[in-house]
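Line by line, the protein sequences are chains C and W.
Just add 6 to wherever you are in the first sequence, counting from 1, and you've got our numbering.
Just add 6 to wherever you are in the second sequence, counting from 1, and you've got our numbering.
Beta carbons are placed, not taken as given, at the ideal position from N, Cα and C, and that holds for glycine.
One structure is given here, and the rest of the page talks about it.
2 protein chains.
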Amino acid sequence: MSTADLLAFQRETEALAQIAGRLGWDRETMMPRGAAAHRAEEIGALEGVLHARRTDPRIAAWLDAAVPADAAQAAQLRHIRRDYARHSRIPARLAQELARLTSLAQGIWAEARARDDVAHFLPTLHQVVALKREEAAALADGSNTGLYDALLDDYEPGASADWIAGVFGRMRPRLVALRERVLAAPAPEPLRGEYPAEQQMRIARDLATAFGYDWTRGRLDLAVHPFSSGSGNDVRITTRVNEADPFNCFYSTIHEVGHAAYEQNVDQAFLFTPLGRGVSMGVHESQSRSYENQLGRSRAFTGWLFRRMQAEGCALNLTSPEAFYRAVNRVQPGFIRTEADEVHYNLHIMLRFDLERALIAGDLAVADLEAAWNDRFLQDFGVMVDRPSHGMLQDVHWSVGLFGYFPTYSLGNIYAGCLMKALRADLPGLDADLARGDTSAATGWMRDRLQRFGALREPRATVAHACGFDPDEGPLLDYLDAKFADLYRL
Amino acid sequence: MSTADLLAFQRETEALAQIAGRLGWDRETMMPRGAAAHRAEEIGALEGVLHARRTDPRIAAWLDAAVPADAAQAAQLRHIRRDYARHSRIPARLAQELARLTSLAQGIWAEARARDDVAHFLPTLHQVVALKREEAAALADGSNTGLYDALLDDYEPGASADWIAGVFGRMRPRLVALRERVLAAPAPEPLRGEYPAEQQMRIARDLATAFGYDWTRGRLDLAVHPFSSGSGNDVRITTRVNEADPFNCFYSTIHEVGHAAYEQNVDQAFLFTPLGRGVSMGVHESQSRSYENQLGRSRAFTGWLFRRMQAEGCALNLTSPEAFYRAVNRVQPGFIRTEADEVHYNLHIMLRFDLERALIAGDLAVADLEAAWNDRFLQDFGVMVDRPSHGMLQDVHWSVGLFGYFPTYSLGNIYAGCLMKALRADLPGLDADLARGDTSAATGWMRDRLQRFGALREPRATVAHACGFDPDEGPLLDYLDAKFADLYRL
Chain C
7 MSTADLLAFQ RETEALAQIA GRLGWDRETM MPRGAAAHRA EEIGALEGVL HARRTDPRIA
67 AWLDAAVPAD AAQAAQLRHI RRDYARHSRI PARLAQELAR LTSLAQGIWA EARARDDVAH
127 FLPTLHQVVA LKREEAAALA DGSNTGLYDA LLDDYEPGAS ADWIAGVFGR MRPRLVALRE
187 RVLAAPAPEP LRGEYPAEQQ MRIARDLATA FGYDWTRGRL DLAVHPFSSG SGNDVRITTR
247 VNEADPFNCF YSTIHEVGHA AYEQNVDQAF LFTPLGRGVS MGVHESQSRS YENQLGRSRA
307 FTGWLFRRMQ AEGCALNLTS PEAFYRAVNR VQPGFIRTEA DEVHYNLHIM LRFDLERALI
367 AGDLAVADLE AAWNDRFLQD FGVMVDRPSH GMLQDVHWSV GLFGYFPTYS LGNIYAGCLM
427 KALRADLPGL DADLARGDTS AATGWMRDRL QRFGALREPR ATVAHACGFD PDEGPLLDYL
487 DAKFADLYRL
Chain W
7 MSTADLLAFQ RETEALAQIA GRLGWDRETM MPRGAAAHRA EEIGALEGVL HARRTDPRIA
67 AWLDAAVPAD AAQAAQLRHI RRDYARHSRI PARLAQELAR LTSLAQGIWA EARARDDVAH
127 FLPTLHQVVA LKREEAAALA DGSNTGLYDA LLDDYEPGAS ADWIAGVFGR MRPRLVALRE
187 RVLAAPAPEP LRGEYPAEQQ MRIARDLATA FGYDWTRGRL DLAVHPFSSG SGNDVRITTR
247 VNEADPFNCF YSTIHEVGHA AYEQNVDQAF LFTPLGRGVS MGVHESQSRS YENQLGRSRA
307 FTGWLFRRMQ AEGCALNLTS PEAFYRAVNR VQPGFIRTEA DEVHYNLHIM LRFDLERALI
367 AGDLAVADLE AAWNDRFLQD FGVMVDRPSH GMLQDVHWSV GLFGYFPTYS LGNIYAGCLM
427 KALRADLPGL DADLARGDTS AATGWMRDRL QRFGALREPR ATVAHACGFD PDEGPLLDYL
487 DAKFADLYRL
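Dropping the structure here:
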């Protein structure tokens with residue numbers, strides 16, 4: 007019964023969890039389509055092993071006797087204690103019911119979305135919400151946190167719904183005002199044309215390299231929904247190709263490189279410990295978003311990308327770097343969150359946050375969700391949702407029980423705003439670098455100030471340590487106002 | 007404590023073992039090179055879980071109380087009983103030492119081979135042999151089998167060294183006589199030219215399809231050493247490309263399709279049970295070898311391949327199907343087993359079998375191995391080994407502790423000879439089919455007579471059931487004599 011035993015046990019659990027992640031990558035990129043049921047059985051067996059380890063009663067005894075040797079070990083023990091408490095609070099029956107229901111619910115949601123048939127999904131969503139409320143109650147047991155906070159804690163430890171609601175409440179009017187001013191201005195010309203897949207992939211590889219992706223410890227493949235997968239020395243990214251829209255491929259790639267850089271750059275001494283990966287969804291998203299938006303969609307960097315596309319022989323309809331910059335950053339109202347520009351994106355998130363918080367609190371019935379969604383969309387976006395697949399059926403999250411996940415996307419943007427404010431203050435030559443396609447000073451700053459620490463500190467403390475100030479929404483809003491006022495000549 | 011509990015436990019173990027296989031595939035095909043140590047830690051954790059499950063003392067109690075419901079369950083219990091006995095007999099300390107030593111030894115062997123430096127490898131090989139003898143003694147404990155038989159049993163249950171020695175003893179003089187007659191005859195013209203990788207891969211895909219590979223439950227990738235991986239509904243194959251030697255790519259592909267077909271065609275009811283995969287290395291090799299050689303290198307099928315290469319626009323130096331057939335089957339003395347033709351291949355195996363049997367028995371010292379190898383090679387092949395990498399350092403097997411594995415390659419050839427004799431008797435139209443590139447009758451025969459049964463029967467019984475007679479070396483030798491006498495006009 008020593009701390010070393012506990013840490014060795016944890017290390018094996020981390021390694022097994024990495025394997026589960028690798029199987030997920032394989033399923034989305036390489037797995038033959040006829041292997042789905044086969045793979046589900048494999049993953050079920052591995053999840054069974056992981057669950058048994060995560061709730062192993064020896065952990066409690068080890069924790070009671072544990073004495074950390076240093077600050078890093080103390081942080082590890084904090085993670086282990088927290089995870090053990092969370093896993094132990096959920097009854098095995100509930101965990102099984104949730105696993106069974108959500109795997110079923112995802113298929114039903116996909117059918118409902120394809121058929122634009124809300125009624126087909128509602129009974130299942132009702133069951134999912136009921137089980138997630140039960141899970142939240144079990145997790146919140148003995149603490150003063152509310153149900154939603156208990157779920158949020160899985161993705162963004164330390165955040166609270168009240169804090170997020172305050173931040174979002176201050177952001178929403180400014181974003182609505184900005185979108186109205188932008189949309190009243192003349193729209194830039196969009197990119198048009200056909201861009202062959204091989205051409206896009208060559209440029210995507212160059213973009214990954216430009217943003218510091220370490221190819222000796224990763225690879226790039228295609229997937230329907232781009233993602234990054236793995237930690238430490240095996241971090242793989244994916245992108246997608248639409249021949250009419252190369253920006254989708256390019257900015258998906260840069261986004262995933264941001265996630266991957268966080269994982270690749272964690273201190274090697276932390277690997278296979280609870281510190282050896284990104285600390286939260288929000289901080290992770292701060293990396294992907296700042297790489298994609300603040301760096302990748304900057305005037306300076308798009309100038310380099312414009313010339314890179316010209317050098318590749320792309321037949322561009324846009325003839326100047328400035329026109330290209332404006333096309334990359336074109337603001338367009340739209341129903342779909344994943345296609346939203348920087349101005350609209352957070353409004354999509356706020357809508358989901360308010361609705362899912364009300365669902366979990368019991369203040370909104372599943373039966374009333376569609377009406378609530380459509381009302382709110384009309385308020386914030388000025389248009390009526392024309393079909394459920396453009397409204398409440400568009401995202402997979404709720405079907406698989408991801409309540410409390412959505413706000414982390416906007417937290418990522420907020421953190422990215424803070425990080426870039428601090429980074430720009432430290433790197434006055436940033437735009438000159440980016441104009442040459444050189445991100446090394448910026449990505450090096452992120453690595454040294456944030457990425458290498460992994461999950462050593464709590465999420466907000468991680469960002470605060472990097473920035474030198476406590477994060478809030480101000481820098482993001484200032485950045486958006488300045489960028490789009492300039493770009494749209496407001 | 008019910009049979010159902012045991013089978014459910016076993017099913018999860020099988021699923022976890024499949025995952026280990028998938029990680030092995032990934033390592034050889036997809037893994038970034040910087041991830042090797044990372045992956046080793048993941049695999050170590052998974053192997054730890056598997057070892058704990060395979061030696062779980064509950065298995066003994068479950069087995070004591072087990073009552074099979076039918077013949078298939080009885081066969082499953084037989085496998086579980088045998089595997090549990092084997093795993094339990096090896097002390098944990100020995101298993102760990104073997105794992106540590108062999109992973110180290112493989113690297114040392116690779117260095118020694120690259121430098122042609124036997125002395126660099128001998129101390130390590132000495133340790134491996136000592137530990138394998140210790141393992142064999144532990145495995146043989148309480149039984150009458152010899153040390154070598156105890157090791158052989160891992161790869162070919164039910165086979166004995168004495169039986170193999172008898173078979174090999176009868177084969178060797180006939181093979182030596184055949185090679186001498188063949189080499190005295192005029193040699194056919196070899197294939198020459200350059201065949202671009204994409205061209206080879208298009209044909210390789212067609213070959214896999216022609217041999218019944220199910221692409222919905224598999225995929226083809228490149229690897230340094232071609233292999234097949236996985237069971238049931240996710241069976242992946244690999245091949246390699248040498249632009250000067252397309253036959254390497256083509257026949258590696260067909261060979262791996264033979265292995266894959268055995269796994270893909272096992273009765274779906276057997277999946278995730280001990281019956282749900284090939285029963286032994288020898289029976290597995292009977293499938294890969296009969297697909298590759300007896301079917302794929304037949305005059306009829308090479309005629310189809312000749313026209314397929316012409317249709318692809320290959321610039322062939324051979325102008326007739328008969329010249330192409332003779333080039334495919336060209337007999338050439340050579341030092342390297344993996345490059346050997348059908349006439350020489352088994353002579354390579356017999357040499358290794360006799361030497362490794364003597365090593366394990368303690369009749370041959372590791373220090374004397376090189377001289378013994380070179381003497382024997384001169385006897386059987388008529389040439390002196392010119393360097394160790396062409397001799398005793400050529401194969402990885404001994405470095406990783408695979409003693410008892412080599413003879414299964416020749417058992418595969420022997421079984422393939424028997425299977426093809428029975429298959430030809432049942433399918434008088436075989437050559438007409440193969441000349442059209444249609445293997446469906448032949449591969450269907452293999453599926454119905456052998457592959458679908460998986461590991462239901464013991465290895466030799468599996469082959470005997472398919473053939474209708476007890477397997478021996480006769481049909482293989484008759485096939486080789488007839489084929490090469492005709493081909494070389496002896």
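With 9 Å set as the bound, which would you pick, yes or no: does the beta-carbon of E47 of chain W sit closer than that to a beta-carbon of chain C?
yes
Counting only Cβ pairs nearer than 7 Å, list the residues of chain C close to R33 of chain W.
Neighbours of R33 of chain W on chain C: none; closest Cβ ~10 Å, over 7 Å.
For D11 of chain C, decide whether its Cβ has a neighbour in chain W, counting only Cβ atoms nearer than 9 Å.
no
Is it right to say I209 of chain C is buried, meaning 16 or more other beta carbons lie within 10 angstroms of its own, or is it exposed?
buried
Flag V469 of chain C as yes if its beta-carbon sits less than 9 Å from any beta-carbon of chain W, otherwise no.
no
At least one CB of chain C closer than 9 Å to the CB of E464 of chain W: is that the case?
no
Under 9 Å between the Cβ atoms of F256 of chain C and E20 of chain C?
no
Consider the C-beta atom of G368 of chain C and the heavy atoms of the ligand FMN; say whether any pair is separated by less than 8 Å.
For the ligand FMN, the structure offers nothing, since it holds no ligand at all.
Excluding sequence positions up to five away, which residues of its chain have a Cβ less than 7 Å from the Cβ of G164 of chain C?
E464, P465, R466.
On the CB-based measure, 16 or more other CB atoms within 10 Å of its CB, does M390 of chain W come out buried or exposed?
That one is exposed.
Please state whether the Cβ-Cβ distance between L301 of chain C and L440 of chain C is less than 9 Å.
yes
Less than 9 Å between CB atoms is the rule here; does W68 of chain W satisfy it with respect to chain C?
no
Below 7 Å CB to CB, which residues in the same chain sit around V334 of chain W once its five sequence neighbours on both sides are set aside?
F253, R303, T308
Could you compute how far the alpha carbon of E162 of chain W sits from the alpha carbon of R84 of chain W?
Approximately 15 Å, taken between the alpha carbons.
Considering only their Cβ atoms, is the gap separating S294 of chain W from H261 of chain W smaller than 9 Å?
Note that the C-beta distance between H261 of chain W and S294 of chain W is below 9 Å.
Who are the neighbours of I25 of chain C on chain W, taking C-beta pairs under 8 Å?
I25, L29, E48, A51, L52
Whose Cβ in chain W lies nearer than 8 Å to the Cβ of P280 of chain C?
Here the premise fails: no neighbours, minimum Cβ distance about 15 Å.
Run through chain C and tell me which residues come within less than 8 Å of R225 of chain W, C-beta to C-beta.
Within chain C, the residues near R225 of chain W are M36, P38.
Going by DSSP, what residues sit across from T245 of chain C in a beta bridge?
Paired residues: C:L228.
Give me the Cα-Cα distance between I25 of chain C and E48 of chain W, rounded to the nearest whole angstrom.
7 Å
Please report how far the alpha carbon of V135 of chain C lies from the alpha carbon of I366 of chain C, in whole angstroms.
Each residue's Cα considered, the two are about 7 Å apart.
If you count every other CB in all the chains shown that lies within 10 Å of the CB of S149 of chain W, and 16 or more means buried, which is it?
exposed
Pick from C:A461, C:G443, C:L429, C:L462: whose alpha carbon is nearest that of M452 of chain C?
Checked all of C:A461, C:G443, C:L429, C:L462; the closest Cα to M452 of chain C is C:L429.
Mind checking who S234 of chain C pairs with in its DSSP beta bridge?
C:I243
Counting only the same chain and skipping the five closest in sequence on each side, list residues whose C-beta sits under 7 Å from that of H265 of chain C.
S234, H290, Q293, S294
Going by beta-carbon coordinates alone, are L69 of chain C and L12 of chain C separated by less than 9 Å?
yes
Would you mind telling me which residues of chain W sit closer than 7 Å to G460 of chain C, beta carbon to beta carbon, in chain order?
The contacting residues do not exist; G460 of chain C stays about 15 Å from chain W at best.
How is the alpha helix (DSSP H) around G40 of chain C delimited, first residue to last?
Unbroken run through G40 of chain C: none, as it is neither H nor E.
Under 8 Å: do the segment 36–45 of chain C and the segment 213–229 of chain W share three or more Cβ pairs, one atom per stretch?
yes
E34 of chain W to H57 of chain W, Cα distance in whole Å?
23 Å
Which same chain residues end up closer than 6 Å to R498 of chain W when comparing Cβ atoms and leaving out the 5 residues on each side of it in sequence?
Since the first and last residues shown for chain W are 7 and 496, residue 498 of chain W lies out of range.
At a Cβ threshold of 9 Å, is L22 of chain W touching chain C?
yes
Is R17 of chain W close to chain C? Criterion is C-beta to C-beta, closer than 9 Å.
yes
For N323 of chain W, which option in W:R198, W:D240, W:Q316 has the closest C-alpha, if you only look at C-alpha atoms?
W:R198
If you draw a straight line from the C-alpha of G113 of chain C to the C-alpha of A250 of chain W, how long is it?
49 Å
Step through the CB atoms of chain W and report whether any lies within less than 9 Å of the CB of G238 of chain C.
yes
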